[in-house]
Ligand code: ADP
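Numbering (this note's numbering), first residue to last: 112 to 336.
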């Protein structure tokens, strides 16, 4: 199984990046009237930017796109295309990361055409410059080599998806059908190079059992279904 380049992001790092992002917005001399968070990844950064920039108008658009962690599955589209009256307003569109840029492009086009603000600018914490189709107006890190940012708000979801990938691929390739908890944790750390902590592994295994993807054989053994 190919290893995935991951970075485990802490809450403190997120706060620091958003503080820096807010400083960049301020330094540009441009003041947004309203912040729009791209759901779901943009929620926390958008809320922090509202705090640092003292903005009280915060709304959201949800773009559906990604399926299993770190894999593209479908074309980006707006999930709930509602209408807002924003004529004359300056909008700061916020997401956690600009990777392909597809979600941001779709959200920006939708807001421009449907909500008709005076201007939209984009802010993200990370910008993966070699793959992104657009460059955010404000960003903190330019990322030159693709990496999966394991943000704290997708920690359980990513852990579930990563473990599922490990157990299904290992079953296909090596015929391995039974795992103990420590085997799962060690394989996770080896393939993803991060440690999300005991609580997340336990919750992720429970979720995979609930979904019928793993079956408990005894206290510490699980069978892949
Ligand atoms: P965009 O590049 O416009 O943000 P994508 O469609 O490439 O949109 O990604 C959609 C969402 O998936 C991102 O907003 C982010 O929440 C998540 N995502 C994408 N790439 C990464 C990555 N490299 N690390 C962590 N999360 C990511």
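For every residue, glycine included, the Cβ atom is placed at its ideal position computed from N, Cα and C.
For residue 294, the enclosing alpha helix (DSSP H) has its first and last residue at 292 to 303. Between the C-alpha atoms of residue 274 and residue 299 there is a straight-line separation of about 7 Å. By the Cβ neighbour-count rule, residue 276 is buried, with 16 or more other Cβ atoms within 10 Å of its own.
Put simply, of 238, 137 and 230 the residue whose alpha carbon is nearest the alpha carbon of residue 213 is 238.
In the three-state reduction of the DSSP assignment, residue 137 falls in the helix class.
The Cβ neighbour count for residue 272, taken over all protein chains shown within 10 Å, is at least 16; the residue is labelled buried. With fewer than 16 other CB atoms across the displayed protein chains lying within 10 angstroms of its CB, residue 241 is exposed. Assignment of beta-bridge partners to residue 329 by DSSP yields 332. When rounded, the separation of the alpha-carbon atoms in residue 173 and residue 202 is 16 Å. Excluding the 5 residues flanking it on each side, residue 282 has same chain C-beta neighbours closer than 7 Å at 288 and 335, in chain order.
In this structure, the straight-line span from the alpha carbon of residue 194 to that of residue 142 is close to 23 Å. Rounded to whole angstroms, the gap between the alpha carbons of residue 206 and residue 215 is 8 Å.
The beta carbon of residue 170 lies closer than 6 Å to those of 147 in the same chain, with the five residues before and after it left out.
Under the three-state reduction of DSSP, residue 310 is assigned to helix. In the displayed model, residue 319 falls within a helix according to three-state DSSP. Placement of the Cβ of residue 214 at a distance of less than 6 Å from at least one heavy atom of the ligand ADP is found.
For the 7 Å CB-CB criterion, residue 112 and residue 322 do not form a contact. No Cβ-Cβ contact shorter than 7 Å links residue 191 with residue 175.
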